[in-house]
Amino acid sequence: MGHFKQLTMSHYLGIDIGGTNVEFGIVDDNGEILYSSSVPTNAYGTVEELAQEIFDKVKSGFKGDFEAIGIGAPSVNLETQQIEYAPNLQWGDVIPIKDIFSDLFKKDVFVANDANAYALGIKVFGEGKDLDNFAVVTLGTGVGLGTYINGSIVVGANGLAGEIGHFVVRQAGRECKCGNMGCLEGYVGAAGIVATAKEKLEFSSGGSLLNDFQPSDISPLEVFNSARKEDPVALEVVDSVCHDLGYALSSLINLLDIQNIFLAGGITNSGNILKRKTEKHLKNYTLPNLRNRINLKISTLNQNGGGILGAAALIKASNPVLK
Ligand SMILES: [Zn+2]
């Protein structure tokens with residue numbers, strides 16, 4: 394029986410391009426990751442070099458063929474299949490990502506915004522299988538949003554929907570890489586969390602677990618871990634992060650009546666504190682008739698290569714034959 398399953402199972406290469414790491418892996422029809430690896434995003438001067446590295450690694454790491462390639466990346470224009478003006482990537486303004494990978498691998502390539510890919514991963518392989526309305530917020534270097542409404546991903550008029558990271562949460566706030574000021578990403582993105590921690594440390598008179606780190610070694614995960622240990626400074630930072638995130642998400646709920654919201658990304662590994670505190674602030678800003686119906690959860694896809702699964706789900710969702 395196992396033999397039969399092997400023969401009919403299709404395999405996909407999923408690639409998740411983040412601001413810090415590029416994760417990639419081979420996924421089968423059941424969402425099982427058979428091989429995976431990751432490389433630091435900034436180690437490559439061009440996308441061509443990155444593509445070549447992934448090509449070599451997959452070739453030596455996985456002895457088998459795969460049907461097609463799915464790529465989740467920031468600032469993807471769904472129509473052109475290019476990455477356009479991604480503030481957290483340094484490979485130029487417009488990157489023809491689909492062409493670069495299909496020329497090298499000689500396979501079909503499907504590219505989408507990373508948060509949209511993640512949402513499809515939740516729909517195809519994860520806890521969203523039976524949901525017709527949900528959203529996923531990806532928390533990392535950037536902050537992304539994938540929204541699944543009435544059976545499809547919201548892509549917008551130009552294929553650019555979902556930039557919740559650039560939802561303005563503070564008037565005349567921190568300068569953002571996008572050129573605007575006070576964007577959510579400036580407070581809830583990895584660099585924003587660290588910036589807030591450094592500000593609070595500077596103005597705090599008491600001790601903090603975060604003082605044990607060199608300022609350059611403070612990471613969002615350290616901040617969240619210290620907050621779990623009731624460190625007062627870290628708690629203040631986490632509360633501020635969760636406030637801004639909850640504020641932005643309440644607008645999403647009030648506008649679209651989204652009930653199930655999943656949180657994804659590295660920070661969610663720090664346990665329940667993010668969910669608990671975000672939920673508290675979120676409810677304060679949400680309309681009374683929607684407030685008690687909110688279902689905020691940490692995505693279970695997260696623990697096992699959610700970005701890779703999301704990228705692979707793009708292939709299944711784009712090709713009706715594979716559905
Ligand atoms: Zn911005």
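My numbering puts the first residue of the sequence shown at 394, with every later residue one more than the last. Note that beta-carbon positions come from the ideal geometry of N, C-alpha and C, so glycine has one too. Values in this document were obtained by computation on a predicted structure and should not be read as measured data.
Top-ranked residue by Cα proximity to residue i, from the options
i: Val502; options: Val487, Gly463 and Val536; result: Gly463
i: Tyr541; options: Ser663, Thr534, Gly566 and Ala512; result: Ala512
i: Gly465; options: Tyr428, Phe455, Asn414 and Gly485; result: Asn414
i: Asp458; options: Gly566, Pro467, Thr401 and Pro613; result: Thr401
i: Val698; options: Ala657, Ser663, Ser403 and Asn665; result: Before going on, a small fix: residue 698 reads as Gly here, not Val. Cα-wise, what sits closest to Gly698 is Ala657.
i: Pro467; options: Lys452, Ile408, Thr661 and Lys522; result: Ile408
i: Ser619; options: Pro489, Leu602, Glu460 and Asn481; result: Leu602
i: Ile426; options: Leu702, Ala710 and Asn470; result: Leu702
i: Lys591; options: Gln564, Leu707, Ile666 and Val631; result: Val631
i: Ala710; options: Ala583, Asp422, Phe417 and His674; result: Asp422
i: Thr439; options: Glu595, Gly454, Phe494 and Arg669; result: Phe494
i: Ser612; options: Val626, Lys593, Phe596 and Ala583; result: Ala583
i: Asn732; options: Glu629, Leu675 and Pro625; result: This structure does not reach residue 732, given that the chain is present from 394 up to 716, and the question cannot be answered.
i: Ser598; options: Gln564, Val626, Val469 and Ala550; result: Val626
Rounded Cβ spacing between residue i and residue j (contact assumed at less than 8 Å)
i: Asn435; j: Gln483; result: 7 Å
i: Thr671; j: Cys635; result: 4 Å
i: Leu577; j: Gly555; result: With 8 Å as the limit, Leu577 and Gly555 do not qualify as a contact, their Cβ atoms being about 12 Å apart.
i: Thr531; j: Ala508; result: 5 Å
i: Ile691; j: Thr679; result: Actually they are not in contact, since the Cβ atoms of Ile691 and Thr679 sit about 19 Å apart, beyond 8 Å.
i: Val420; j: Ala705; result: 4 Å
i: Ser663; j: Leu614; result: 6 Å
i: Phe448; j: Leu524; result: With a Cβ gap of about 36 Å, Phe448 and Leu524 do not count as contacting.
i: Ser431; j: Glu441; result: With 8 Å as the limit, Ser431 and Glu441 do not qualify as a contact, their Cβ atoms being about 19 Å apart.
Span of the beta strand (DSSP E), counted from its first residue to its last, around residue i
i: Thr445; result: The sequence shown places Gln at residue 445, not Thr. Element bounds for Gln445: not the beta strand (DSSP E) but the alpha helix (DSSP H), Val440 to Gly454.
i: Ser430; result: Ile426 to Pro433
i: Glu416; result: Asn414 to Asp421
i: Phe655; result: Asn653 to Ala657
i: Gly537; result: Val536 to Ile542
i: Tyr356; result: Outside the displayed span of the chain (394 to 716) sits residue 356, for which this structure offers no information.
i: Asn774; result: A question about residue 774 goes unanswered here, because the residues of the chain that appear run from 394 up to 716.
i: Leu482; result: First-last for Leu482: undefined, no H or E at that position.
i: Leu377; result: Residue 377 is absent from the model: the chain starts at 394 and stops at 716.
i: Leu602; result: Counting along the chain, Leu602 falls outside any beta strand (DSSP E), and DSSP gives it neither H nor E.
i: Leu532; result: Phe527 to Leu532
i: Gly558; result: Premise fails: Gly558 is in no beta strand (DSSP E) and is neither H nor E.
i: Ala466; result: Ala461 to Ala466
Residue range of the alpha helix (DSSP H) that includes residue i
i: Glu578; result: Glu578 to Val581
i: Tyr678; result: Ile666 to Tyr678
i: Glu629; result: Pro625 to Leu649
i: Ile515; result: Asp507 to Phe518
i: Phe494; result: Ile490 to Phe498
i: Ile708; result: Gly699 to Ser711
i: Val616; result: Pro613 to Arg621
i: Leu694; result: Premise fails: Leu694 is in no alpha helix (DSSP H) and is neither H nor E.
i: Asn662; result: Looking at the DSSP string, Asn662 is not in any alpha helix (DSSP H), and its letter there is neither H nor E.
i: Pro681; result: Pro681 to Arg684
Chain B contact for residue i (CB, 9 Å cutoff)
i: Asp409; result: The structure shown contains no chain B, having only a single protein chain.
For this session: List in chain order the residues whose CB is within less than 5 Å of at least one heavy atom of ligand 1.
Result: In chain order, the qualifying residues are His559, Cys569, Cys571, Asn573 and Cys576.
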